[in-house]
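Just so it is clear: in the sequence shown, position 198 is 198 by our numbering, and no numbers are missing.
Glycine included, each C-beta is placed from N, C-alpha and C at the ideal position.
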Amino acid sequence: MPAHTRRFGTLGYVTAIRANSVLPANRRALTLHTADDVALVAELATPEQATPKATLVCLHPLPTHGGMMDSHIFRKAAWRLPALADIAVLRFNTRGTSSTAGTSGGAFDNAVGEAFDVAAAVEYAEFEELPNIWLLGWSFGTDLALKYGREPSVLGTILLSPPLRYSTAEDLAGWAEDGRPVVAIIPEHDDYLQPDAARERFAAIPQSTVIDVPGGKHLWVGDAETVLDEIVKVVNPDAHPLPQNWDGPMETGDASAYADRTVAAFSDVEVPGPKRD
1 MPAHTRRFGT LGYVTAIRAN SVLPANRRAL TLHTADDVAL VAELATPEQA TPKATLVCLH
61 PLPTHGGMMD SHIFRKAAWR LPALADIAVL RFNTRGTSST AGTSGGAFDN AVGEAFDVAA
121 AVEYAEFEEL PNIWLLGWSF GTDLALKYGR EPSVLGTILL SPPLRYSTAE DLAGWAEDGR
181 PVVAIIPEHD DYLQPDAARE RFAAIPQSTV IDVPGGKHLW VGDAETVLDE IVKVVNPDAH
241 PLPQNWDGPM ETGDASAYAD RTVAAFSDVE VPGPKRD
């Protein structure tokens, strides 16, 4: 028996949830089709037994510098949140983006054509009648959420490490007028927008909330559990805080394909795609 596993009466095994733990869920590979006829690689993970309480549509970091649907926060969200918090997780590669799941059609378009990608993902969530849709953007994905996320079915948006690089004052004003919640989760040592500056910028959206994460950095390495907990607190507070152990079947995920790939949003050097067998 592994050192991190112990017997728990007649109920089975209580196992510590680790970085590569994959908990049970219904997982389905998808192709999303955009209005401008681009095919996007995607995956939907839903609770194995329960009806989802909320839905996350994940918008990943900058693809030219490593961002993808498998960027580690989103990968761990899909591996854990359906089982731990009854949350559906929809991930996809924006146009031109690669992961081990495949490469989406089209080419990176500097947050212009990606408007169609966001719309296609939200439309799919609507078609599947997934409840309580929230956009979850990270870095470049936060710009997409701010620019294109005010779809009628979206309840609000959560922004991880927003650089406010592509989004404009007009985009912020649009959310301010709209009134739906905007939650910005800001690492203390972010490379682009730190907490004090974030509070100043997001003051333009009266209903926004800025959450500081002490010690955090833009890539959230070592802080995935903290980030997932903050996300769950917003979209399904009844499931907060997330447990650290799991009583039931568990698999081990393999992220070795991304060993040489970074999710840095604005690195100076472009990175290779994932290693393949």
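The alpha-carbon separation between residue 175 and residue 153 amounts to approximately 14 angstroms. Between the C-alpha atoms of residue 220 and residue 127 there is a straight-line separation of about 32 angstroms.
Across the set 106, 47, 36, 17, the C-alpha of 47 shows the shortest separation from the C-alpha of residue 28. Annotation for residue 156: the continuous beta strand (DSSP E) segment containing it runs 154-160. When C-alpha distances from residue 34 are compared across 168, 235, 122, the shortest belongs to 122. The C-beta of residue 157 has 16 or more other C-beta atoms within 10 Å across all chains shown, which makes the residue buried. The C-beta distance from residue 230 to residue 185 rounds to 5 angstroms, short enough to meet the 8 angstroms contact threshold. Counting the other CB atoms within 10 Å of its CB gives residue 179 a total below 16, which places it among the exposed residues. Scanning its chain for C-beta atoms nearer than 8 angstroms, with the 5 sequence neighbours on each side dropped, one finds around residue 150 the residues 174, 175, 178, 180, in chain order.
Contact between the stretch 55-74 and the stretch 132-144 is present: three or more C-beta pairs spanning the two stretches fall below 8 angstroms. Per DSSP, residue 212 is one residue of the beta strand (DSSP E) stretching across 208-213.
Here the stretch 107-119 lies against the stretch 86-97, with 3 or more beta-carbon pairs under 8 angstroms apart.
Going by DSSP, residue 72 is part of the alpha helix (DSSP H) stretching over 72-85.
Residue ranges of uninterrupted beta strand (DSSP E) with 3 or more members, entirely inside the stretch 30-56 and ordered along the chain, are 39-46.
DSSP places residue 108 in the coil class of the three-state scheme, outside both helix and strand. Per the Cβ contact rule, the stretch 138-149 is in contact with the stretch 160-175 (3 or more Cβ pairs under 8 angstroms). Excluding the 5 residues flanking it on each side, residue 85 has same chain C-beta neighbours closer than 7 angstroms at 232, 236, 239, 242, in chain order. Residue 182 has its alpha-carbon roughly 15 angstroms from the corresponding atom of residue 195. Residue 104 is a Cβ neighbour of residue 40, given a cutoff of 7 angstroms. For residue 136, the uninterrupted beta strand (DSSP E) run begins and ends at 133-138, by DSSP.
The closest CA to that of residue 159, considering only 61, 51, 20, is found on 61. For the set 251, 38, 218, the Cα lying nearest the Cα of residue 73 is the one of 218.
Cβ-Cβ distances below 7 angstroms link residue 191 to 218 in the same chain, with the five nearest sequence neighbours on each side left out; the list follows chain order. Per the coordinates, the alpha-carbon of residue 251 lies some 22 angstroms from the alpha-carbon of residue 68. C-alpha of residue 115 to C-alpha of residue 206: approximately 25 angstroms in a straight line. Taking 7 angstroms as the cut-off, the beta carbon of residue 171 is found closer than this to the beta carbon of residue 146.
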